[in-house]
Each structure stands twice: as C-alpha cells, then as structure tokens.
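Chemist: Okay, so the sequence shown: first residue is 39 according to this note's numbering, each after it adds one. Glycine included, every Cβ here is placed at the ideal spot set by N, Cα and C. For clarity, every value in this text was computed on a predicted model and none was experimentally measured. Would you mind keeping the following structure in view while I ask a few things?
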Amino acid sequence: MTERTSIHGQWSSRLVFILAATGSAVGLGNIWKFPYITGENGGGAFVLVYLLCIAVVGIPIMMAEVMLGRRGRQSPINTMTALAKEEGASSAWSLVGWSGVLAGFIILSYYSVIAGWALAYVFRVAGGLFNGADAAGVQAVFTGLTGDPERLIAWHTLFMLMSMAVVARGVRAGLEKAVTYLMPALFVLLFVLLGYAMSTGAFIDGLKFLFQPDFGKLFYVCETVAGTESCELSGSPVLVAMGHAFFTLSLGMGAIMVYGSYMPKGTSIARSTVLIALLDTLVALVAGMAIFPIVFANGLEPGSGPGLIFQTLPIAFGAMPGGQFFGTLFFVLLVFAAWSSAISLIEPAVAWLVENRGLTRVRASAVIGMTTWVLGLGSIFSFNIWSGDEYKLFGKTFFDLLDYLAANIMLPLGGLLIALFAGWLMKRESSVDEFAMHAWRYGLWRVLIRYVSPLAVVVVFLNAVGIF
Ligand code: TRP
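Okay, here's the thing in structure tokens:
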C-alpha cells in the first residue's frame with residue numbers, strides 16, 4: 039500500500055499527538071461528569087466497574103480507532119468507506135462515521151452549555167462572590183445561574199464561538215501550544231484542591247465513598263430525601279460506567295480516529311494510547327478525591343446531579359487562603375480543558391465537509407457550530423423552563439436524555455462496531471502493519487478487540503435492558 043497523507047495536515051510529533059488526544063480526553067467528563075455520576079450511582083463499585091471498562095474496553099478500542107484513522111488518513115466517514123473497500127467489506131461501514139458525526143453534534147450541544155457554566159464561574163469566583171460562603175450561599179449562586187435561560191444562552195454562545203474559532207483556524211495554530219501549558223497547570227491545581235480536601239476532616243469518608251465497593255449499589259440506586267433513604271432497582275449503573283469509559287476517552291464517535299489520521303507514521307500507537315488513558319484516569323480520580331470530602335464535610339448530597347462540582351468546589355475556594363485567586367485559575371483551566379475537548383467533537387464533521395463538500399474550514403466550522411448551538415438551547419431549558427415533570431421523558435430532562443442517548447448508547451455502539459471492524463473484518467496483515475508492535479502485545483490487543491471488548495459491550499447492553 040502506498041502511504042497516504044491527510045489533506046488537513048499532520049501533527050508535528052508523537053508528543054503533540056499525545057497532547058492533543060489527552061486534551062480531547064481530559065475535559066468536563068473527568069472533572070464535572072465523573073464525580074456527579076459516581077455520586078448518583080453509589081460510589082466505589084461504580085468506580086471499579088468504570089476502571090475495568092477503561093482497561094478492557096477503552097484502551098483496546100482507542101488503539102483500534104487510532105490505527106484505523108492513521109491508515110485511512112481522512113475524516114472518519116471517508117476513512118471507514120475507504121478501509122471497508124480495501125478490506126473487501128460492505129460500504130455500509132461508513133455508517134460508523136455517520137453515527138459518530140451525529141453523536142458529536144449531540145454531545146457538543148450540551149457540553150457547550152456546561153462549559154458555559156464554567157465560564158460564568160470564572161467571573162463569579164474572581165468577583166469574590168464565594169468568599170466565606172457556606173453551602174447554602176453557594177447553592178443560591180448556582181440556582182441563580184441555571185434558572186436564568188438568557189444568561190445561560192450568553193455563556194453557551196461564547197463557548198461555542200471559542201470552539202468554532204479554533205477549529206476554523208486549524209488545530210495546529212492555536213490549541214497545540216495552549217494545551218502544552220494548560221494541562222499540567224490544571225493538574226497542579228487539582229492537587230491544590232486535593233490538599234484542601236484533606237484538611238476538611240471528611241477526607242477518609244470521601245475515599246471510602248470512592249474506593250469501597252458496595253456491589254448492591256450497582257443494581258439498586260438509593261436516594262435520601264429528608265433523612266429517609268429509599269432505594270429502587272436499576273439496571274443501568276453498569277451501563278453508565280461503561281458509557282462513561284467511552285465518553286471520558288473520547289471514543290466511539292471518530293474523534294480519536296480523526297486525531298489518529300493526523301498522526302505521523304512510525305510512532306507507537308500502543309504506548310501513546312496507554313499513556314493517554316492513564317493520564318485521563320488520574321485526573322478523574324484526583325477530581326473525585328478532591329470533591330467528595332467537601333461534599334461530606336458540608337453535609338451535601340453526593341447524588342445531587344450535574345450541579346455537583348459547582349456547588350462544592352466554591353465552598354473550598356471560599357474558605358481557603360488565596361481561594362479567590364486559585365478558584366479563578368481553576369475555572370479558567372476547566373474552561374480550557376473543555377475547550378480542547380470540544381474541538382475534537384467538531385473536527386470529524388468539519389473534516390468531512392472540507393473533503394466532500396469543498397467547504398473552507400471557516401465555513402464548515404460555522405455550519406457545524408450554529409447547528410449545534412440551536413440544539414444546545416434544549417439543554418439550557420432543561421434547567422429552567424423545561425425542568426418540570428411535564429417536560430420529562432422516562433423521568434429524564436431533555437439534557438439528561440441527550441446525554442444518556444449519546445454517551446450510554448451511541449458511543450458504546452460505535453465502539454462495538456469499530457472493534458468488530460478492526461478485529462474481524464480487517465485482515466490481520468493490515469493491522470499488524472499499522473501497529474508495528476511486539477508480537478505478544480499485538481496478540482494481547484487482538485484477543486481483547488476480537489472477544490473481550492465486543493462481549494463486554496454486548497453483555498452490559500443486555501444487562502441494562504434487563505435480559506441478563
Ligand atoms: N472526553 C471529553 C471529556 O471527558 C469529551 C469528549 C471530547 C468526547 N471528544 C469526545 C466524548 C468524543 C465522546 C466522544 O470531557
């Protein structure tokens with residue numbers, strides 16, 4: 039096979055690929071979503087299942103996505119079409135690319151809304167609004183923001199424009215550099231917060247909640263209302279844990295595939311992937327260890343939902359020395375983490391519009407950004423004018439539904455198809471050639487991608503619908 043190159047350009051080195059993919063992986067998923075779904079799903083056992091999913095489903099599929107992308111060197115839709123042809127498989131495999139573009143739209147639409155909250159918090163913390171505030175005061179600021187659709191729209195618009203601007207310029211010009219400095223800084227700040235959490239006196243409670251598995255909670259979800267606990271049977275925490283493994287590693291929709299298509303040939307896919315997954319996991323766990331002690335020390339509810347970090351971290355910033363400064367910095371970095379993830383949600387669709395419709399990057403980004411913006415309004419209203427029960431379906435708001443559909447159904451399904459394609463349809467020589475790694479490592483990947491990952495996804499799905 040003659041070596042293909044991407045018309046969109048190439049990362050300048052393996053390190054840049056790692057930074058970009060880590061920038062994509064580390065985002066709101068780690069710091070906002072992981073703590074709140076862990077809280078909603080009972081803690082320890084959920085975390086354990088999540089870690090297991092990262093290891094046996096996430097990492098092999100991530101390797102497969104990078105490998106397919108680098109071999110195809112185009113947008114995920116065209117990569118899947120080209121590789122399917124080359125391997126003698128049906129052209130229907132391009133549907134993997136299409137469903138990925140759709141999942142990217144859906145995720146970005148609400149991702150931008152939450153990133154908008156983080157933007158708003160930069161100014162609230164900087165303005166000293168939380169200095170000395172107690173849990174109730176912090177709560178009031180949060181509901182003041184989320185109850186006001188106009189403000190939310192303004193922040194959502196701003197974040198969307200920021201993301202469109204970067205993608206329009208091409209990834210290399212701006213973000214590559216920014217991510218180099220910002221990711222390490224975010225890490226350091228998380229450790230500062232961890233230090234504060236250790237001083238709250240509830241640190242051990244937080245650790246127990248995160249790391250002491252109570253397997254009953256995987257099947258029952260409990261809620262404490264006015265001091266009495268009520269539990270109901272639920273089949274979905276395992277599915278949520280698996281869905282989150284996909285979400286946090288940016289898998290199942292072509293984001294990592296498109297990043298792989300800009301990867302130089304001759305760099306190790308396996309080593310880069312494992313490193314990215316480890317960094318991503320570390321950020322999530324440190325975030326959890328920083329947040330839950332604050333939750334317990336202040337008598338807050340771990341299962342309080344999407345507002346969790348916005349109702350806990352400001353308490354810490356309000357109480358600790360230099361909190362106004364560190365808090366501002368923290369939310370700035372959270373916005374950057376979200377930003378470097380958002381661009382990877384747009385990139386597959388933009389690359390396709392450039393390749394197939396001849397649009398410039400600027401136009402393509404504008405088209406995608408505006409469409410996504412409109413969909414985001416639904417999520418905004420979920421927190422205020424559409425928050426009532428009459429607007430819910432299966433007990434979920436529009437926002438919850440989109441997140442559930444995209445993260446827990448579309449991403450695992452996309453990942454399953456990617457695993458089947460890379461493991462079963464692609465000729466062994468093709469993947470051996472692209473990975474160019476030690477025989478035993480290749481053998482391990484192959485067992486995981488052919489049997490373990492697809493089976494795990496299928497079993498978890500069947501379990502969630504109550505069949506197994
Ligand atoms: N992984 C990012 C996070 O944890 C979100 C994200 C970026 C993503 N690109 C993606 C999720 C592609 C799913 C698919 O915040």
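#1: Within the same chain, show all residues whose beta-carbon is closer than 6 Å to that of Phe247, passing over the 5 residues directly before and after it, in chain order.
#2: Measuring straight from C-alpha to C-alpha, what distance separates Ala293 and Leu338?
#3: When you compare the CB positions of Val388 and Arg399, do they come within less than 8 Å of one another, or not?
#4: Bridge partners for Lys434 per DSSP, in chain order?
#5: What are the boundary residues of the alpha helix (DSSP H) that Gly361 is part of?
#6: Kindly give me the distance between the Cβ atoms of Trp155 and Phe368, rounded to whole angstroms, as I take these residues to be in contact under 8 Å.
#7: Would you kindly check if the distance between the Cβ of Gly345 and the Cβ of Val151 is under 8 Å?
#8: Is it the case that the region 368 to 384 contacts the region 58 to 67, given that we only count it when at least three CB pairs across the two stretches are under 8 Å?
#9: Please name the residue in Trp131, Glu78, Ala83, Gly110 whose C-alpha comes closest to that of Ile45.
#10: For a cutoff of 8 Å on Cβ pairs, would you count Ser201 as touching chain D?
#11: Looking at Met291 and the ligand TRP, is the gap between the Cβ and the nearest heavy atom below 7 Å?
#12: Quick one, are the C-beta atoms of Leu199 and Leu383 less than 8 Å apart?
#13: If you drop the 5 nearest sequence neighbours on each side, which residues of the same chain put their C-beta closer than 6 Å to that of Pro251?
#14: Tell me whether Thr319 sits in a helix, a strand or coil according to DSSP, three-state version.
#15: Out of curiosity, what's the CA-to-CA distance linking Ala206 and Arg401?
#16: Among the residues of its own chain, which have a CB less than 8 Å from the CB of Phe229, if the five just before and after it don't count?
#17: Could you tell me which of His282, Ile307, Gly361 sits nearest to Ala322, measuring between CA atoms?
#18: Any idea if Gly126 is buried or exposed, counting beta-carbon neighbours within 10 angstroms, 16 or more meaning buried?
#19: Could you spell out where the alpha helix (DSSP H) holding Met301 opens and where it closes?
#20: Report all residues from its chain with a CB closer than 6 Å to the CB of Ser310; omit the five preceding and five following residues, and keep chain order.
#21: Put Glu339 into one of helix, strand or coil per three-state DSSP.
#22: Helix, strand or coil for Thr266, going by three-state DSSP, please let me know.
#23: Answer yes or no: do Gly360 and Glu103 have a C-beta to C-beta separation smaller than 8 Å?
#24: With a threshold of 16 other CB atoms inside 10 Å of the CB of Pro352, please say whether the residue is buried or exposed.
#25: Where does Val485 land, buried or exposed, given buried means 16+ other C-beta within 10 angstroms?
Modeler: Inspection of the coordinates gives the following:
#1: Gly81, Phe330
#2: 36 Å
#3: yes
#4: Leu431
#5: 361 to 395
#6: Incorrect: roughly 13 Å between the Cβ atoms, too far for contact.
#7: no
#8: yes
#9: Gly110
#10: Absence of chain D from the displayed structure is noted, only one protein chain being present.
#11: yes
#12: no
#13: Gly82, Ala83, Leu86
#14: helix
#15: 8 Å
#16: Val324
#17: His282
#18: exposed
#19: Premise fails: Met301 is in no alpha helix (DSSP H) and is neither H nor E.
#20: Ile56
#21: coil
#22: strand
#23: no
#24: buried
#25: exposed
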